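Working notes, structure below.
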Amino acid sequence: MDVTKCEAFLAAIDHGSLTAAGVFLGYTQSGITRMINALEEEVGFPLFIRTKKGVSPTENGKAMIPAFREIVRAHNHALEIGADIRGILSGALTIGSYYSVSAMWLPPILKRFRQLYPNVRINMKEGGNREMTRWLNEMSVDCCFFAEPAAGTICDWIPIRQDELLAWLPKNHPGAGEASFPLCALENEPFIITMPNQDTEIDRLLGSRHLTPDIRFSTADAYTTYCMVEAGLGMSLNNRLITLSWSGDVVTLPFDPPQFVSLGIGVPSWKEASPAMKKFIECVKDMLEELP
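Read left to right, the sequence shown gives residues 1 to 292 (UniProt numbering).
This is the structure:
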């Protein structure tokens, strides 16, 4: 089975359309369509439902995703081993990441890695804990930067840093001038929650401490939450890293007692990690002291 056709199929899944998949892989729409048609003829059944809005996998197509991912992974792994033997590291890495890590950590890491290994192509996917757990379980990423995964996640975990969770308060909040915010006081405040029920640090903290805040608003984006706190609509919380590049009228305070989240890298299998992946992890470890 041609690995190029499998890559075309997976790109169409990721991007939701044949046109976008063609742009990503460098093919024309007619070229990508021919590859998908040939793959469907080879397996003997339709892989996609085609509409004016794009494509989505059929049930049979969904069943083929793990097999096609394994074909592409094995192909790339073989190429990378061969390149490594020749002394030229090459290949492609797909990296999942928190939005905060993508903004604050990955630019300097990728700049250094690119200088060292210019022949390795990097693809980025951003999301939360639940999405990255799914990506790791289905092996659609080479690694993920996120909080320590919940039980049942199939990955090898490499801890990087303990990041502090901070309370977000409007600047006119009565407690804004204090040195810390009492954790138990969360239940007495109008609260704005980001991505509820998505296994976020907020979900984990509230669940582990059996706290039930007065949730007034929910959002799908941390910056939206930040702006709503700035407008005086309530308080919230998040990790320190996510607010480093924001400069609004929001007061951030440590909790009493202090609360932390373990940030690190999840790899589907360190034993099966490609040479490029292992060099990338080395690069991250070498840069830890330089990261904000």
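By construction, the Cβ of each residue, glycine as well, lies at the ideal position given by its N, Cα and C atoms.
No experiment lies behind these values; they were computed from the predicted model shown.
- Judged by DSSP in its simplified three-state form, Q115 adopts helix.
- Take the alpha-carbon of K271 and the one of A179: they are about 46 Å apart.
- As a beta-bridge residue in DSSP terms, I158 pairs with I265.
- Separation of the CB atoms of E164 and Q259 is rounded to 7 Å, and the pair is thereby assigned contact status at 8 Å.
- Ranked by Cα distance from Y99, the first of E126, R34, D256 and E7 is E126.
- Taken through DSSP and simplified to helix, strand or coil, I49 comes out as strand.
- Only residues of its own chain outside the window of five on either side were considered, and among them P108, I109 and R112 have a CB closer than 8 Å to the CB of M287, listed in chain order.
- In the structure shown, the three-state DSSP call for L169 is strand.
- Counting the other Cβ atoms within 10 Å of the Cβ of D199 gives 16 or more, which makes it buried.
- Residue pairing by DSSP places G96 opposite K125 and C144 in a beta bridge.
- Contact between I202 and T212 does not hold, since the beta-carbon distance rounds to 13 Å and is not under 8 Å.
- Counting the other CB atoms within 10 Å of its CB gives K279 a total of 16 or more, which places it among the buried residues.
- DSSP places N239 in no alpha helix (DSSP H) but in the uninterrupted beta strand (DSSP E) bounded by S236 to N239.
- Residue nearest to A231 within the set N238, L241, L244 and F217 is F217 (criterion: CA-CA distance).
- Within the DSSP secondary-structure output, I71 pairs in no beta bridge.
- Taking a 10 Å sphere around the C-beta of G266, we find 16 or more other C-beta atoms and assign the residue as buried.
- Burial check for P292: the Cβ neighbour count within 10 Å stays below 16, so the residue is exposed.
- Fewer than three pairs of CB atoms, one per stretch, sit closer than 8 Å, so the region 129-136 makes no contact with the region 12-32.
- Counting along the chain, the unbroken alpha helix (DSSP H) around S30 starts and ends at Q29 to V43.
- The continuous stretches of alpha helix (DSSP H) do not include R216, which lies in the beta strand (DSSP E) extending over residues D214 to T219.
- S208 sits exposed, since fewer than 16 C-beta atoms from the chains shown fall within 10 Å of its C-beta.
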